[in-house]
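Residues 10 to 826 in this note's numbering are what the sequence shown lists, from first letter to last.
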Amino acid sequence: MADLPPGSTHSRIRSELERRITGGAWPVGTRLPAEPVLARQLGVSRGTLRRALATLREHGLVEAAPGRGSFVVRTVPTSDQRRQVGVVVPSIARPSGASLVQAIEDELHRHGYSMLFGSSGASRTQESGRVRRMLENGVSGVIAYPIDYEPDVALYAELKASDVPLVFIDRYLPGFAADAVIPDNVSGAYEAVKHLADIGHRRIGFVSTDNLATTSVADRLQGYRQALEAAGLTYDDELVLCRIPVAAAGWELTESQRAENSNLLCEFISESTPTAVFALHNRLAFHLHQAVATMGFRIPDDLSIVAFADDPLAQTLLPGLTVVEQPRDRIGRLAAQLVVRKIQGSREEPARYSLATAFLVRQSTAPPRAGRRGRGVLTPPRPRNLAAEALAVLRANDAGSWTKPSVHQYPHQWNWDSALVSLGWASVDWRRAVREIESLLDAQWVNGMLPHIRYDPRHLDGYFPGPDRWPNAVRHHAPGFLTSGISNPPVLVTAVRRVAERAPDAAGRHALLSRTFPALERWLHYFTRKRQLDGCPLVSVVHPWETGWDNSPRWDYVQAAGLKPRQPFTRRDTEHVGAEHRPEDRDYDAYLALIELLDSADYDIRGYRAVSPFVVNDVFFDACWYRAATDLNAIAQSIGARPPFERGELAEFAAAFEERHWDAEMNCYFDYDVIAGRRIVVPTPAGIAATLSGLVPRELAERLWTSYTGDGPDLRPVWTVSPKHPAFDPVCYWRGPVWVHLNWLIALGLATVGLDDEASALERRTIALVEESGFSEHYNPLNGRGGGAPRFSWAAALVLDLIDRNGVGRPVQPFIA
Ligand code: 9WN
10 MADLPPGSTH
20 SRIRSELERR
30 ITGGAWPVGT
40 RLPAEPVLAR
50 QLGVSRGTLR
60 RALATLREHG
70 LVEAAPGRGS
80 FVVRTVPTSD
90 QRRQVGVVVP
100 SIARPSGASL
110 VQAIEDELHR
120 HGYSMLFGSS
130 GASRTQESGR
140 VRRMLENGVS
150 GVIAYPIDYE
160 PDVALYAELK
170 ASDVPLVFID
180 RYLPGFAADA
190 VIPDNVSGAY
200 EAVKHLADIG
210 HRRIGFVSTD
220 NLATTSVADR
230 LQGYRQALEA
240 AGLTYDDELV
250 LCRIPVAAAG
260 WELTESQRAE
270 NSNLLCEFIS
280 ESTPTAVFAL
290 HNRLAFHLHQ
300 AVATMGFRIP
310 DDLSIVAFAD
320 DPLAQTLLPG
330 LTVVEQPRDR
340 IGRLAAQLVV
350 RKIQGSREEP
360 ARYSLATAFL
370 VRQSTAPPRA
380 GRRGRGVLTP
390 PRPRNLAAEA
400 LAVLRANDAG
410 SWTKPSVHQY
420 PHQWNWDSAL
430 VSLGWASVDW
440 RRAVREIESL
450 LDAQWVNGML
460 PHIRYDPRHL
470 DGYFPGPDRW
480 PNAVRHHAPG
490 FLTSGISNPP
500 VLVTAVRRVA
510 ERAPDAAGRH
520 ALLSRTFPAL
530 ERWLHYFTRK
540 RQLDGCPLVS
550 VVHPWETGWD
560 NSPRWDYVQA
570 AGLKPRQPFT
580 RRDTEHVGAE
590 HRPEDRDYDA
600 YLALIELLDS
610 ADYDIRGYRA
620 VSPFVVNDVF
630 FDACWYRAAT
640 DLNAIAQSIG
650 ARPPFERGEL
660 AEFAAAFEER
670 HWDAEMNCYF
680 DYDVIAGRRI
690 VVPTPAGIAA
700 TLSGLVPREL
710 AERLWTSYTG
720 DGPDLRPVWT
730 VSPKHPAFDP
740 VCYWRGPVWV
750 HLNWLIALGL
760 ATVGLDDEAS
770 ALERRTIALV
780 EESGFSEHYN
790 PLNGRGGGAP
800 RFSWAAALVL
810 DLIDRNGVGR
820 PVQPFIA
């Protein structure tokens, strides 16, 4: 006998026959076996079989032709006979969705209906695909939980036009007349925020996802505003964080989504200083709870949290969360009743049913602690966990084996950024630091050059200029890479030496040094062999981007020459960062024109020099090179290799450094314009960073430092242009702002010449600046405010390094040979 479904014998036989028909085993036109045969096959009496066949005839599936037997006439029962309702929600995997669907299914069943379920994911195509398939399958009505962002209004309009009963749950589509069953979001949020105000909170934050057009989100925001108003509090944009993508607010997050959330939330709490927060839902409350724990905050002592509860799971994870409870069961049941009523012919006008929520006060809310009310009083209640915040930044920017300087602004691997970032990784994950270094070396050119950008093919649209602007670069490196055609200050060698010092054991240290040594040697030799002109041993730098100090006034003379590139271009760098923080268009004209000249000369220094106005001996670059050479000699010694730079060669370099960079009249080190044969006399800390080389005597270094910092006794050090210089601009990039990595390098330089107190004071002030303003690309030296791209990797990495060395107070160890 066939394997029959459970139930009464007659209904089991009916289901089995129906399965054969709807499942395709008996297509339309099939003649059913004669009754005695079929009854025998199924192991039932002819009477039972007849009753089952009668039901199939009623449902229009089978017809009897007198004298010829029974035939299949259709494979899908007509909709009113099928008694099925389609239910589409974004995901059944969300616990909140599951309980709603459960309530709907129960209620439909009570009315003699079954449920056809579909999940729309977060996609409009999936949403309409699921609903259309349900209609094809003959559902008589639809209950829909529309997707976030842009639900398919046209699809729902079609349903209405074809008179398919439709009920929305959880949210509604503004301006679209259909039944909707929702929680009373406005009153629920109102009650929660009023509770916070009633117990004394004045700085109440709102933390939400970024789908503000979704009615449930908009309504909760409205309730928040109304409660503030009722409590006599002013709505303040600063206290509202609505930037978390819906996909990043669930339970199943990637490591980088988790880090990005944590970062955003920590930044919000430390910068906007709320004493209490209303969270859009309890998954966000959970993320917030975790994020503030990394800052050393306790709930509710340091921060009260209340959330709209749409997910029972959070209760088990966060015992004691004060919540607005959603009447999920009632929402599901009412939606099912409404759709059934409509299917059965009710002509009621569409209406919105807002079901009352319940407010449950548990342990996550308490009156604000004395001294924590209002801005200014609150620097975080207990020491901020700056290291955890820094690590969250690194994790958010982590691309696997290398780190983006900042997610949106710089989506590729940059040379000196990655080098310094490896120091941050070394303090938390040594192997990750090694990967950072090795991935950088992988892109080395055949001639030894280490490019300033290694492009990530997945993000070519995200940054200008891309590899197409360096067309001849492909001839110089291994296939499969995309790189720029210039290099960067060689701080990597120093970084490798420091990372090696942190190795967990001697074998690891030796392996790292001996693996990287040949590539580092080839790179430093590239500068002396392929970048020397006129017998001078100093490095000929060919592009402002190569110096890393792009629009420093040190290079203004090139931009003033009015260079224009041949190919037109569109800048992308001001899409995420204000134009006031960035170079000007004429700077970009010069940058692109220089690239064209360099690429046409196939990256040959002599060919380029013949056509370009820009070839410099950059004092900062040369200091980095000299330091790198001495560090590499020390590395060689430690692995038993021959030191690559002989005394004589170093002495010649040192003499040229003195001759070209020292300006006796101005008493400072400056850059040298190789084309014009003159010094570029612009006072910037590049002259102080000359100390990195180890070539500057202590007394002189002290004078340089005192004189430079003396220009701005009340400013935050180290401004990248003297405030006394006409080009000084406190917010524009390399024309005044403070940079964490530069401070770090200058502190290293000061320590190198023995100015330990100055070095550690600078490190302390650098940490204080980051504590004050977060991990920015750069900072205004007048007020400390962050500028440029946010959540910047080298700021985070070097703060980690400083903290790890207990650097607050202890200077970086210079260890120069
Ligand atoms: C061009 C990545 C880099 C830094 C540079 C900084 C800036 C790039 C740009 O960002 O330069 O290389 O597009 O502005 O000037 O020092 O390495 O952080």
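Note that CB positions come from ideal geometry on N, CA and C, so glycine has one too.
### Task
Output yes or no for whether 8 Å exceeds the beta carbon distance between Leu312 and Arg371.
no
### Query
Listed by chain order, which residues have C-beta atoms less than 5 Å from any heavy atom of ligand 1?
Pro414, Tyr419, Trp423, Asp426, Trp554, Gly557 and Asp559
### For Asp470, the three-state DSSP class (helix, strand or coil)
helix
### Task
Have a look at Arg538, Tyr566 and Ala599 and flag the residue whose alpha-carbon is nearest the alpha-carbon of Arg615.
Arg538
### Cβ shell of Met458 (< 6 Å), same chain only, five flanking positions each side left out
Ser496 and Tyr535
### Message
Helix, strand or coil for Asn481? Go by DSSP, reduced to three states.
### Response
helix
### Local conformation of Tyr199 per DSSP, three classes
helix
### Query
Where does Gln346 sit, in a helix, a strand or coil, going by DSSP?
helix
### Query
Leaving out five residues before and five after Thr718 in sequence, what residues of the same chain have Cβ atoms less than 8 Å from its Cβ?
Pro726 and Val727
### Query
Do Tyr154 and Ile191 have their C-beta atoms closer together than 8 Å?
no
### Message
For the alpha helix (DSSP H) containing Gly517, name the first residue and the last one.
### Response
Ala515 to Lys539
### Query
Near Val748, which residues of its chain fall below 6 Å by C-beta distance, leaving aside the five closest residues on each side in sequence?
The residue asked about is misnamed: residue 748 is Trp in this sequence, not Val. The answer, listed in chain order, is His787.
### Query
Which first and last residues belong to the alpha helix (DSSP H) in which Ser785 is found?
Segment: none, Ser785 is in no alpha helix (DSSP H) and carries neither H nor E.
### Task
Starting from the C-beta of Arg814, find all residues in its chain whose C-beta is less than 6 Å away, skip the five residues before and the five after it, and write them out in chain order.
none
### Task
State the Cα-Cα distance for the pair Ala699 and Arg463, rounded to the nearest angstrom.
28 Å
### Query
beta strand (DSSP E) containing Tyr362: first to last residue?
Arg361 to Leu364
#### Entry: CA nearest to the CA of Ala316, picked from His290, Tyr158 and Asp470
His290
### Task
Evaluate His118 with the Cβ neighbour count: other Cβ atoms within 10 Å of its Cβ, from every protein chain shown; 16 or more gives buried, anything less gives exposed.
exposed
### Message
Which residue marks the beginning of the alpha helix (DSSP H) containing Leu293, and which one marks its end?
### Response
Asn291 to Thr303
### Cβ-based neighbour list, Ile648, same chain, cut-off 7 Å, excluding 5 preceding and 5 following
His519, Leu522, Ser523 and Phe526
### Coil, strand or helix - Ile812 by DSSP
helix
### First and last residue of the uninterrupted alpha helix (DSSP H) at Asp161
Unbroken run through Asp161: none, as it is neither H nor E.
### Query
So, do the region 344-359 and the region 171-190 have three or more beta carbon pairs nearer to each other than 8 Å?
yes
### Message
Our contact map puts Asp598 next to Lys573 with C-beta atoms below 8 Å; I'd like the distance itself, whole angstroms only.
### Response
5 Å
### Message
Within 10 Å of its beta-carbon, does Pro546 have 16 or more other beta-carbons around it, so buried, or fewer, so exposed?
### Response
buried
### Query
In whole angstroms, what is the alpha-carbon distance linking Ile825 and Asp640?
Interpretation of Ile825 is limited by its pLDDT of 41, a score under 50 that renders its predicted location unreliable; the figure taken from the coordinates is listed afterwards. Spanning the two alpha carbons is a distance of roughly 6 Å.
### Message
If you reduce the DSSP assignment to three classes, tell me which class Pro15 lands in.
### Response
Residue placement at Pro15 cannot be trusted, given a pLDDT of 47 that sits under 50; what the coordinates show is reported in the next sentence. Three-state result, Pro15: coil.
### Message
Here's the rule I'm using: 16 or more other beta-carbon atoms within 10 Å means buried, otherwise exposed. How should Lys413 be labelled?
### Response
buried
### Task
Could you tell me the distance, in whole angstroms, from the CA atom of Ile30 to the CA atom of Pro75?
21 Å
### Message
Taking 7 Å as the limit between beta carbons, can you name the residues of its chain near Arg404, skipping five residues before and five after?
### Response
Glu264, Ser265 and Ala268
### Message
By the DSSP assignment, the beta strand (DSSP E) with Gly78 in it spans what residues?
### Response
Gly78 to Val81
### Task
On the DSSP bridge assignment, give the partners of Gln93 in chain order.
Ser123
### Message
How far does the alpha helix (DSSP H) with Val437 in it extend, from its first residue to its last?
### Response
Asn424 to Val437
### Task
Classify Gly380 as helix, strand or coil using the three-state DSSP reduction.
Because Gly380 sits at a pLDDT of 45, beneath the cut-off of 50, its placement in the model cannot be relied upon, and the point is left open.
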